[in-house]
Amino acid sequence: MADPYPEAVFDAAMARAGIVLTEAERATLIGVSRHIAASTARIRTERPVGLEPATIFVPGQNT
């Protein structure tokens with residue numbers, strides 16, 4: 209399992225976004241941040257470019 213976000217990083221992100229939290233909300237979000245980090249790590253995996261869907265448009269061949 210991933211580590212929770214460091215408090216300084218979390219506080220900086222909230223300040224940058226202009227989000228004001230109560231101390232209870234802050235503690236809860238820092239506590240669950242390990243799960244958020246683990247989820248985003250599974251989503252953000254490097255994939256070959258060939259796996260990207262492609263749409264090819266050739267003028268004059270729209271039938």
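According to the numbering used here, the sequence shown is numbered sequentially starting from 209.
Don't be surprised by glycine CBs; every beta carbon is placed ideally from N, CA and C.
- Burial is judged here by how many other beta carbons sit within 10 angstroms of a residue's own beta carbon; S241 has at least 16 and is buried.
- By a beta-carbon distance limit of 8 Å, A249 contacts A210. Their separation comes to about 6 Å.
- In the three-state scheme derived from DSSP, where H, G and I count as helix and E and B as strand, R224 is classed as helix.
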